[in-house]
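Since the structure comes first, as C-alpha cells, the remarks are kept for the end.
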Amino acid sequence: MAVIRDVMPAFELLQPNSIAEAQSLLEQNGSDGWVLAGGLDSFDWLKDRIKRPKTVIDLSGVEELRGIRTTGDGIEIGAMTTLTEVAQHPVIREKYALLAQSAELVASPQIRNQGTIGGNVSQDARCWYYRAGWPCYRAGGNICYADTPEGRNREHAILHADRCVAVNPSDTAPALIALDAKFVINTHKGEHVVDAEDYFIGPDIDITRLHILQPGDLMKAIRIPSMWGGARFYFEKVRDRNVWDFPLLNVASAMTLSGGRIQQIRIAVNAAAARPLRLKDVESAVRGMPPNADTGEIAGKLAVQGAVPLQFNAYKIPLMRNLVKRAIGGVEQATWVS
Amino acid sequence: MGFLEWAIDPWGLRVPIHIAWFLIWVSVIAGLAFFMVHATYVRYFAKPRQFVPENPQVVPSEIPARVPRHSRVARMFHWIMAASMLTLLFTAFLPRVGVQFNWVTYHWIAGTVLTVSILFHIFHASFWLDFWSIWPDRIDITDAYHRVLRFLGRPAPLPRKFAKYPLENKLYHGAIMVAGLAAIATGVFMMFRVRTILFPRNPYLFSDMTWGMTYVLHGLAGVGLIALIMVHVYFGIRPEKQPITKSMIFGWMSREFYLEEHDPKRWVISPSDAAPGFEGSKRTK
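Which chain is which? The protein sequence lines are L and P, in order.
Each residue of the first sequence is one higher than the last, beginning at 1 in this note's numbering.
Each residue of the second sequence is one higher than the last, beginning at 1 in this note's numbering.
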C-alpha cells in the first residue's frame, strides 16, 4: 500500500467564524465534510491519505467554541478549548482536579497546547491495523486483523469486544464520566445535551464510530455540574512511555465520603473497551463501605468480571483490577497483585 | 456506483468485502413496484379465472367441510421460520439504514433458529409429507404455457385446477429456497468470524477472496429475501388469498375454496381426512 506521508491530498478548506456558520457548513457538506479541531487526529489520517475528505471544516476560528466559563451549576468548557487551558485553569484545578489531572497526562506539552478537549474525547481508535488503512470492520470491511492468532493486540480490548477489538484512547473521557459531565451537541434538529457516558458507543452499536456524532453534528461544549466539585478524586494512567503515549489503561474516580464511608461514587476506566466504561456494579458494591484496601480488593475483582483477553493483552486484567483497587483505596493502601 | 464494495487486502489483492448497501433500497423498491403493478392489474385488467369444467366423478359431499392443508408441525415450522427470517432481515438491515442497536447477537441466534428449522423441514418434508407436492410437474408447466397464451389473447385450452399448490406457490418456494439456503450456508461460515457459543473463532478459515465472496453472496441472498418476503406478505393479506393464509394458521381450508381452486384428482382428499384431528393421519404438507 503506497503511503505518502506529509503531503495531504487536496481538499476544500472552510474556516467558519461562528457556531452558526460552522453548523451550516457541516450540514451542507454532510459526510463529505471533515471536522478539524486541534488536528492531531485529523492530520494523521489526511497525511497518510487513508481518509480523503472533499471538504475540511476548520473550527479554529470559532471563538464561541473556546474558553472556560463558570455557570450557575458548575462550569462549561468550549469544545475547542485546549487541553493545556483545561489543565491549568484555576477553577478546574481547585474544584475538578480530576479533569485537570487527566488533561495533564495527555501526550506531550506540545500536543496539549494544540489538542482540544472536544477533539480528545472524539478522536478515533488508534488500532494500527485500522490506522494503516487495512479494510477491517471499523473501516467498513469484514475482518478484525487484531483479533487473529498472530494479530498484534497488546493494546486492545478486554471487555465488550464485538468483532472489532480497538479501544477508545481518550484520557479525559473517563474523568468526564466520573464528573457526570454533559456534552452539548448541535445537530440539524437543534441542541442536544447528552451524558458523557452516553456520548460513546461500542462496536455492537456502530462498528465504524467511537461516539454518537453524525456527519453534520457539532460538539459545542462540555458542562460539568457542581455536584462533584471538591470531591475526592483519583486518576491514574498507565502507558508504555510516560512522557508521551496513549493509555494502556486509565482509571478515574470521584467519591464523596460520610463518616469514613463512601457516600457517592462514580468510577470509569478507558482503553479497556471501545468506549470508556463506567463501572456501575463497582459503584453499587462499594457504596456505604470504607475506602480502604479491602473495599478496593472487592471493587477490583468485580471490575474485571467478564473480561476476555486476546493473545497478547491478558496483562490488562490484573492491571485494571489493580487500578480500580487503587482508585477506591488509594495508592497507599493498595498492594499490587499480579 | 458499483454493486459491490471492494478493498485492498494486506497482500495487495483487490477483494470484494460486501454488497453495496443501496441494493437494500433496490430490493425494497422492487417489492413495492411489484405490489403496485400486481394490484393494479388485478383491480383493473384481470379477467375472471377459468378452469376446465369440473370432474363429474368427484362428489362434493365426499369432501369434508374442512379440508386439511397444513399439519400442526408444518404450521409450527412455517411460523418459526417466519419469525426467525423477519428477525434476520430487521437485524441485518435496520442498522444499515440508521437504526442502531446491538444486532449481531440477535442475528446469529435467529440464524441458528432458522438453520435448525430448515434442517427439520427438509427432514420432515422428505419422510413425512408429500415431498413432490411443492415441485412443479408437467401439468403445471403445460397449464402455465396455456395461461400465458390465453393472457396474450391467443387460442389455448383452459388450464386445469391446481394440485395442492399452484405453480406460483411452487416457484416462490423454489426462489426462497435458493435465497434462504444461500444465506444459511454463507451465514454458518460467517459465524466463524464472530464470537458465538457454537464455533471457535477462525478468521483464517478461508482466503480473503473467498471470505469476500461469502459476504457478497450472503448480502445478495439477504437483499433478495427482502423483496421475496415483501411479496409473500403481500399475497398473504390479499383478500382472494386469505383462505390460504388462514389455512396456515388453522390448518384447513373450506370445501368450497378447495373445490373452486383445486383439482380433487391432483390433490386427493378423503372423508377421513376431515380437520381437525387430521394431523399425522395423512401425508399433507
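We treat Cβ as the ideally placed atom computed from N, Cα and C, and that holds for glycine.
Just so it is clear, the structure is predicted and the values come from calculations on it, not from any experiment.
- Judged by their CB atoms, L:L302 and L:V238 are not nearer to each other than the 8 Å cut-off.
- Per DSSP, the beta-bridge partners of L:S258 are L:R261.
- Classified as exposed, L:K189 has fewer than 16 neighbouring CB atoms from the shown chains inside 10 Å of its CB.
- Take the alpha-carbon of L:C127 and the one of L:V167: they are about 8 Å apart.
- Contact with chain L is found for P:I17, since one of that chain's Cβ atoms lies less than 8 Å from the residue's Cβ.
- Between L:D58 and the set L:Q15, L:G67 and L:D198, the nearest pair of CA atoms involves L:Q15.
- Straight-line measurement puts the Cα of P:V28 at about 33 Å from the Cα of L:I50.
- At a cut-off of 8 Å between C-beta atoms, L:I185 does not count as an interface residue with respect to chain P.
- Runs of the beta strand (DSSP E) spanning 3 or more residues and lying entirely within the stretch 65-93 of chain P occur at 66-68, in chain order.
- Secondary structure at L:R232: strand, using DSSP grouped into helix, strand and coil.
- The residue from P:H107, P:L32, P:A7 and P:H18 with its alpha-carbon nearest to that of P:I229 is P:L32.
- Chain-order list of chain L residues neighbouring P:F101: D204 and I205, by C-beta distance under 9 Å.
- The beta carbon of P:R193 falls within 8 Å of a beta carbon belonging to chain L, placing the residue at that interface.
- Relative to the Cα of L:D281, the nearest Cα in the group L:I298, L:P290 and L:A273 belongs to L:I298.
- Contact with chain P is absent for L:G30, since none of that chain's Cβ atoms lies less than 8 Å from the residue's Cβ.
- When Cβ-Cβ separations below 8 Å define contact, P:E256 makes no contact with chain L.
- In the displayed model, L:N17 falls within coil according to three-state DSSP, outside both helix and strand.
- In the DSSP assignment, P:R14 is bridged to P:I8.
- For L:M219, the uninterrupted beta strand (DSSP E) segment begins and ends at L218 to I224.
- Chain L has no Cβ within less than 8 Å of the Cβ of P:V188.
- Under the DSSP assignment, L:T84 falls in the alpha helix (DSSP H) whose first and last residues are L83 to Q88.
- Using a Cβ-Cβ cut-off of 7 Å, P:Y215 is close to N142 of chain L, given in chain order.
- For P:L149, the uninterrupted alpha helix (DSSP H) run begins and ends at R138 to F151, by DSSP.
- Judged by their CB atoms, L:A79 and L:A252 are not nearer to each other than the 8 Å cut-off.
- Cβ-Cβ distances below 6 Å link L:V56 to F11, L13, W34 and L36 in the same chain, with the five nearest sequence neighbours on each side left out; the list follows chain order.
- Nearest in C-alpha terms to P:Y215, of all of L:D294, L:R131, L:A273 and L:Y137, is L:Y137.
- For P:W108, no Cβ of chain L is located within less than 8 Å of the residue's own Cβ.
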